[in-house]
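Residue numbers (our numbering), protein chains in the order written: chain A, 142 to 478; chain B, 142 to 478; chain C, 142 to 478; chain D, 142 to 478.
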């Protein structure tokens with residue numbers, strides 16, 4: 142039994158993570174934190190958890206958290222995470238970090254996109270990127286795993302086969318991404334009020350969304366070539382789900398869809414959470430699951446890749462537990478089917 | 142042409158009101174206010190109004206507002222309204238007040254439910270209640286009209302025929318009300334975040350919602366007997382619309398549905414915005430309109446009254462313009478069909 | 142390992158049931174049926190199941206189904222169910238019937254509400270009603286369990302403590318129920334098109350919904366007195382979830398909320414799926430779970446009971462597995478947390 | 142006063158059209174059709190119209206329709222439209238055809254995409270395309286106007302300035318389009334059931350949606366060069382609204398956003414329904430209006446054009462009335478603001 146803590150437990154990702162961990166036979170939740178000094182029971186912070194877990198959210202420092210557990214799921218915002226992760230690691234606990242702080246390898250890129258100096262820059266380049274479908278070899282031994290962004294995972298799982306196998310022009314990629322509103326977090330913002338985003342779709346962060354350099358870096362690393370994508374996120378009136386519609390130019394203009402799908406099937410053989418499907422995937426089918434459904438179509442000269450995940454599960458809490466499973470020697474699918 | 146101002150123009154009701162007024166041949170919007178010192182153009186405050194109206198939201202006192210217009214639509218929160226209405230009236234402008242401040246006649250009742258002392262108590266009992274279907278005689282000459290609450294109008298229009306005609310037990314009434322989220326306003330509250338209230342329904346304010354004494358008072362006044370309702374509001378995952386499902390005991394247990402509907406048709410004859418229908422009404426049919434659809438069914442011993450409105454239109458901005466029409470001698474339906 | 146079949150596998154309840162059974166360590170799905178002669182793979186009928194289960198939906202008769210399994214979840218429509226259940230039972234398999242066919246004990250009542258003659262009437266009165274919170278003693282030994290209706294469970298779990306303990310007037314009950322659209326099934330009907338029911342709420346079946354006699358009978362049986370409720374269902378724009386707002390008159394007008402909640406906590410002690418909460422429950426908190434959240438408020442003279450479930454889980458597929466657990470000696474919560 | 146008929150009045154577009162026409166001072170609705178032999182009142186076909194219009198839907202042939210009106214809005218499906226339009230025109234009435242039958246000029250292209258032979262092919266090339274922002278000169282005198290498709294208008298209004306002014310590579314265009322569900326019509330299809338498309342987004346018709354050749358042809362004609370777009374439509378869980386996110390390569394890689402927006406403002410000067418905005422447009426702001434909001438961003442090397450409409454208004458019924466206004470000498474905005 143691994144004793145786990147959730148550092149930062151008031152958001153939607155933390156709720157999802159706790160739900161999954163409560164089903165996990167090898168994890169025991171021993172600490173939950175929030176900055177609220179009143180130590181509210183988790184069942185009040187998230188009424189969905191009423192009666193499920195008799196713990197309070199405590200305002201704990203990293204040493205206190207480390208003293209209570211073997212592994213920490215760090216669900217803090219970026220910048221807050223790098224303020225506690227070094228101490229957690231030095232205290233001997235392992236960390237799955239769900240923030241952006243350790244996803245990029247280059248501090249300069251981090252600072253360009255996040256507008257804050259990285260205070261643990263030296264650790265960035267040697268942190269394992271927690272996308273098991275690409276980096277499962279490094280995850281089991283890692284002390285720190287950087288859990289991917291939700292748009293990032295969904296984009297990468299859609300595009301990796303084409304890029305790794307060098308079948309498309311790495312400079313031709315457009316990712317048009319659509320996300321449910323939970324991806325915007327639980328903070329109070331006018332733009333995420335129900336009456337603002339219901340019955341509406343709009344783009345946001347065009348040209349400057351912070352998942353862009355992460356997609357670039359991971360696809361470049363995985364494929365051994367420079368990949369730079371045009372990435373446009375949209376807010377869709379639904380709770381959860383991401384659909385990435387990605388466009389790229391195949392190197393072989395005559396490549397047909399069946400061959401592309403064969404490539405995908407081979408690439409993801411043995412990966413339990415990527416389903417290469419023939420129909421056009423919809424987010425509903427992966428909602429509340431750790432699956433990524435993906436397919437490809439030709440449209441005139443382009444390949445159109447369609448990939449879907451639940452942003453809170455495969456895009457955050459689910460893949461965090463998938464990483465936990467790899468780190469602790471459980472079957473990859475434990476608590477995730 | 143009547144010059145009108147909207148006092149408090151950042152909320153959803155104000156947006157709806159401006160939209161309707163822009164279609165009104167007899168109204169010219171000459172001032173808009175907010176407490177924002179930066180004087181934002183209204184097209185930035187409400188992007189839906191981009192290019193429609195070249196005015197800024199200004200932080201104006203009541204004398205300044207009065208100097209620019211003939212009539213003010215006061216769309217401030219309760220308590221804020223009674224701080225400016227006396228000055229507006231003394232400055233010679235007429236007022237349609239969309240807050241709760243002048244809806245009740247008894248200051249003590251106001252203070253019990255709103256937890257604030259009424260600073261213009263003397264004016265309360267002589268203010269005209271702006272529900273045209275019941276009080277159209279008094280509205281044309283009024284200087285101050287108290288625009289009804291959204292739940293209130295919808296409940297009252299459903300129940301008034303039965304109570305005014307004394308066909309049901311006035312102590313038997315349960316109003317189970319369901320509202321879209323825009324009714325909760327544009328303020329930043331956890332409970333109105335998209336990811337909190339989407340895919341969910343819940344009751345709120347059980348036993349203590351502030352529209353309760355308003356429903357009681359208006360139905361009591363209109364029917365000449367003491368009416369006290371059990372009122373339970375619910376939040377429904379949709380932008381707009383109210384459905385009130387009201388239960389009451391008929392005095393004649395053998396009264397049949399056809400006779401009830403006849404009573405309703407006679408009661409609302411000549412009222413252009415109440416549609417007595419035979420089907421079960423749905424909020425979608427009245428969304429973006431000033432209509433109230435109503436029908437009645439028997440269920441075992443009870444009468445079940447179903448009444449629907451758009452909370453922002455017939456429940457707020459639309460009836461405000463309906464009152465404006467009556468006050469300024471326009472046909473009641475101008476700009477509202 | 143129990144070999145189970147799902148008889149009628151194309152609807153939403155069947156999808157949910159298969160999802161839960163795939164997590165169950167003691168169940169193996171060995172047959173799925175539909176009337177489609179083309180034997181589609183279940184992953185095409187429900188794309189959410191792509192890659193999860195390598196079975197086809199076959200058009201099988203009851204003997205064929207019985208030959209392949211030990212227990213059948215019968216997810217057929219009413220009337221279709223009673224056409225196969227006798228043969229299934231005679232073939233020696235046990236049945237959890239999710240239709241309405243065996244829920245009522247009196248064939249005449251069935252025929253009045255369902256407008257069809259019952260062809261297995263003799264079995265009705267001796268069938269065990271599968272609401273484990275009230276009838277867990279009889280379920281383990283039953284060969285046929287009648288799985289409750291979704292509105293029924295939610296209403297009954299809200300009202301049972303008050304009626305069984307004889308604390309309210311059994312003739313005073315109004316149940317105002319609100320359901321997500323999945324409750325209306327997967328058939329093609331104008332009223333369940335997205336553009337008809339999105340952004341809308343309406344009542345339906347006022348005074349004649351078929352769950353009414355079921356609520357009456359179960360509450361009457363459980364409480365030893367004649368209960369007759371006024372039941373009004375509404376369609377809410379969300380996928381899943383039921384909220385029942387039930388009104389009744391307490392016998393003791395001075396009974397306070399804290400005492401009522403104490404009664405509920407005692408009544409449901411040891412029942413793992415009923416959570417007596419202090420906050421007003423919302424359907425979101427029980428969505429995708431087998432929980433029923435319930436609380437009570439006083440509003441003027443009335444008690445207002447608020448109870449919530451997921452109509453597809455605790456209202457159908459989840460309680461079916463809960464019954465399966467009791468029937469097969471598994472812990473009641475297996476595969477359901 | 143122009144007497145108008147709506148040919149095919151049971152769908153969502155017809156409902157929207159009737160609503161707008163009821164506000165039009167120069168139009169009188171004199172006939173409504175459907176194939177239903179029972180002649181239902183329009184207030185039953187569309188309960189939203191209860192009490193608004195005392196007409197029945199009649200099963201009328203084109204001569205009968207022509208005998209009752211001066212102008213027909215033909216809201217039939219494709220193929221059905223070309224079966225009646227010739228007779229209508231020969232009978233001396235003018236036609237705004239909302240189907241696809243007269244939008245394309247080449248019968249072979251029509252047959253390729255619609256899989257049906259065109260029975261009035263000769264008229265195709267000389268029909269005026271009813272997009273007033275591009276073809277307002279030809280519309281006033283036309284007897285037959287082909288009302289554009291909803292995706293088409295939204296795509297074209299976004300891209301036309303760049304292509305007509307020859308500022309982008311006409312072969313570089315990707316249109317990633319998102320639509321509310323009303324765009325899929327009121328027919329009974331599994332894919333448009335609420336519980337199928339709520340809480341979900343998916344692409345459909347990738348590479349083969351019928352609005353593709355229409356976008357190609359209109360943009361090619363307007364810009365005098367061959368334009369061929371990659372077009373991918375998506376279904377979004379909302380009633381109405383289209384957002385087109387269009388990607389293209391600018392000829393001048395240093396062109397900045399401000400200059401692009403200036404070009405757009407000049408291009409649409411004097412066009413009352415296109416709003417060139419600086420913020421990222423959202424469909425909510427144009428819902429229930431005839432506006433198209435558009436803006437442009439640079440993202441790495443690409444221009445990203447964002448254009449929004451209400452698919453039922455500017456995408457169908459609203460532009461039909463805009464065309465009607467031009468054809469009958471009314472101000473372009475009559476009944477549309």
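Note that CB positions come from ideal geometry on N, CA and C, so glycine has one too.
Rounded C-alpha distance that separates residue 344 of chain D from residue 276 of chain A: Counting from 1 along the fourth chain, the entry for residue 344 of chain D is found at position 203. Counting from 1 along the first chain, the entry for residue 276 of chain A is found at position 135. Approximately 29 Å between the Cα atoms of the pair.
Leaving out five residues on either side along the sequence, give the residues of the same chain with a beta carbon under 7 Å from the beta carbon of residue 358 of chain C. Position 217 of the third chain, counted from the start, is the residue given in the question as residue 358 of chain C. Excluding residues within five positions, the ones whose Cβ falls inside 7 Å are 245 and 246.
Out of B/420, B/220 and B/278, which one is the CA nearest neighbour of residue 464 of chain B? Counting from 1 along the second chain, the entry for residue 464 of chain B is found at position 323. Ranking the options by Cα distance to residue 464 of chain B, first place goes to B/278.
Helix, strand or coil at residue 327 of chain D [DSSP, three-state]: If you number the fourth chain from 1, residue 327 of chain D lands on position 186. Reduced to three states, the DSSP call for residue 327 of chain D is coil.
Going by DSSP in three states, residue 474 of chain C sits in which element: helix, strand or coil? Start at 1 with the first residue of the third chain, and residue 474 of chain C comes out as number 333. Coil.
So what does residue 319 of chain B bridge to, in DSSP terms? Locating residue 319 of chain B in the second chain gives position 178, where the first residue counts as 1. Looking at the DSSP assignment, residue 319 of chain B forms a beta bridge with B/375 and B/384.
Tell me the residue span of the alpha helix (DSSP H) that contains residue 234 of chain D. By one-based count along the fourth chain, residue 234 of chain D stands at place 93. Note, residue 234 of chain D: premise wrong, no alpha helix (DSSP H); not H, not E.
Any contact of the stretch 398 to 409 of chain B with the stretch 326 to 334 of chain B, i.e. 3+ C-beta pairs under 8 Å? no
Cβ of residue 367 of chain C within 8 Å of Cβ of residue 302 of chain C? The sequence position of residue 367 of chain C within the third chain is 226, counting from 1. The sequence position of residue 302 of chain C within the third chain is 161, counting from 1. Not closer than 8 Å, so no.
Name the chain D residues that come within less than 9 Å of residue 457 of chain A, Cβ to Cβ? By 1-based counting over the first chain, the position of residue 457 of chain A is 316. Within 9 Å Cβ-Cβ: nothing; residue 457 of chain A doesn't reach chain D, min ~18 Å.
Is there contact between the stretch 207 to 215 of chain A and the stretch 229 to 243 of chain A, where contact requires at least three CB pairs shorter than 8 Å? yes
Start-to-end residues for the beta strand (DSSP E) that takes in residue 444 of chain D: As a position in the fourth chain, residue 444 of chain D is number 303, starting the count at 1. That run of the beta strand (DSSP E) goes 443 to 450.
Hey, how far is the Cα of residue 413 of chain C from the Cα of residue 433 of chain C? As a first step, residue 413 of chain C must be located in the third chain, where it is residue number 272. As a first step, residue 433 of chain C must be located in the third chain, where it is residue number 292. Using only the alpha carbons, I get a separation of about 10 Å.
Beta-carbon separation of residue 198 of chain B and residue 228 of chain B under 8 Å? Taking the first residue of the second chain as position 1, residue 198 of chain B is located at position 57. Taking the first residue of the second chain as position 1, residue 228 of chain B is located at position 87. In this structure, residue 228 of chain B does not lie closer than 8 Å to residue 198 of chain B by Cβ.
Please list the segments of the alpha helix (DSSP H) lying wholly inside the stretch 246 to 272 of chain C, counting only runs of 4 or more residues, in order along the chain. 248 to 255 and 262 to 265
With C-beta atoms as the reference, is residue 334 of chain C less than 8 Å away from residue 333 of chain D? Taking the third chain and counting its residues from 1, the one referred to as residue 334 of chain C is at position 193. Taking the fourth chain and counting its residues from 1, the one referred to as residue 333 of chain D is at position 192. It is a contact, given that the beta carbons lie within the stated cut-off.
Supposed close pair residue 371 of chain B, residue 441 of chain C - CB separation, criterion 8 Å: Here residue 371 of chain B corresponds to residue number 230 of the second chain, with the count starting at 1. Here residue 441 of chain C corresponds to residue number 300 of the third chain, with the count starting at 1. Indeed, because the Cβ distance is near 5 Å, the residues count as touching under 8 Å.
Show which residues of chain C have a CB atom less than 8 Å away from the CB atom of residue 205 of chain B. Here residue 205 of chain B refers to the residue found at position 64 when the second chain is read from its first residue. Result: empty, since nearest Cβ-Cβ is about 39 Å, beyond 8 Å.
So, is residue 472 of chain C buried or exposed, given that buried needs 16 or more other C-beta atoms within 10 angstroms? Position 331 of the third chain holds residue 472 of chain C. Residue 472 of chain C should be labelled exposed.
Would you call the stretch 417 to 436 of chain D and the stretch 186 to 204 of chain B touching, i.e. three or more CB-CB distances under 8 Å? yes
Starting from residue 183 of chain A, trace the alpha helix (DSSP H) both ways and give me its first and last residue. The residue labelled residue 183 of chain A in the question sits at position 42 within the first chain. 183 to 186 is the extent of the alpha helix (DSSP H) around residue 183 of chain A.
Determine the direct distance from the alpha carbon of residue 356 of chain B to that of residue 272 of chain C, and round the result to whole angstroms. If you number the third chain from 1, residue 272 of chain C lands on position 131. If you number the second chain from 1, residue 356 of chain B lands on position 215. Approximately 40 Å between the Cα atoms of the pair.
Beta strand (DSSP E) segments (min. 3 residues) lying fully within the stretch 148 to 220 of chain D: 168 to 174 and 212 to 215
Is the beta carbon of residue 147 of chain C sitting closer than 8 Å to the one on residue 159 of chain C? Within the third chain, numbered from 1, the residue matching residue 147 of chain C stands at position 6. Within the third chain, numbered from 1, the residue matching residue 159 of chain C stands at position 18. The answer is yes: Cβ separation under 8 Å.
Check whether the stretch 446 to 460 of chain C touches the stretch 284 to 294 of chain C, taking contact to mean three or more Cβ pairs, one atom from each stretch, closer than 8 Å. yes
When B/184, B/142 and B/193 are compared against residue 168 of chain B, the one with the closest alpha-carbon: The residue labelled residue 168 of chain B in the question sits at position 27 within the second chain. Ranking B/184, B/142 and B/193 by Cα distance to residue 168 of chain B puts B/142 first.
Is any heavy atom in the ligand ADP found nearer than 7 Å to the beta carbon of residue 368 of chain A? No copy of the ligand ADP appears in this structure; indeed no ligand is present at all.
Between the alpha carbons of residue 171 of chain A and residue 321 of chain B, how many angstroms are there, rounded? Taking the first residue of the first chain as 1, we reach residue 171 of chain A at position 30. Taking the first residue of the second chain as 1, we reach residue 321 of chain B at position 180. The alpha-carbon atoms of residue 171 of chain A and residue 321 of chain B are separated by roughly 40 Å.
Test: residue 305 of chain B CB closer than 8 Å to a CB of chain D: As a position in the second chain, residue 305 of chain B is number 164, starting the count at 1. No, no contact with chain D.
Determine, using beta carbons only, whether residue 222 of chain C and residue 195 of chain C come nearer to each other than 8 Å. Along the third chain, read from residue 1 onward, the residue named residue 222 of chain C stands at position 81. Along the third chain, read from residue 1 onward, the residue named residue 195 of chain C stands at position 54. Taking 8 Å as the Cβ cut-off, residue 222 of chain C and residue 195 of chain C do not qualify as a contacting pair.
Endpoints, the alpha helix (DSSP H) within which residue 426 of chain C is located: As a first step, residue 426 of chain C must be located in the third chain, where it is residue number 285. 424 to 427 is the span of the alpha helix (DSSP H), which, as asked, contains residue 426 of chain C.
What residues in the stretch 228 to 253 of chain A bring their beta carbon closer than 7 Å to a beta carbon of chain C? none
Here's a check: name, in chain order, each residue in its chain whose Cβ is nearer than 8 Å to the Cβ of residue 200 of chain C, leaving out the five neighbours to either side. Start at 1 with the first residue of the third chain, and residue 200 of chain C comes out as number 59. Closer than 8 Å at the Cβ level, and outside the excluded window around residue 200 of chain C, lie 174, 175, 176, 177, 178 and 180.
In chain order, what residues of the same chain lie with their CB nearer than 6 Å to the CB of residue 439 of chain A, ignoring the 5 residues before and after it? Your numbering for residue 439 of chain A matches position 298 in the first chain. Only 398 meet the Cβ criterion.
Check each residue of the stretch 359 to 377 of chain C: if its Cβ is closer than 9 Å to any Cβ of chain B, include it; give the result in chain order. 369, 370, 371, 372, 373, 375, 376 and 377
Figure out for me which residue from C/350, C/417, C/445 and C/427 has the closest Cα to the Cα of residue 251 of chain C. Taking the third chain and counting its residues from 1, one reaches residue 251 of chain C at position 110. Of the listed residues, the one whose Cα sits closest to residue 251 of chain C is C/350.
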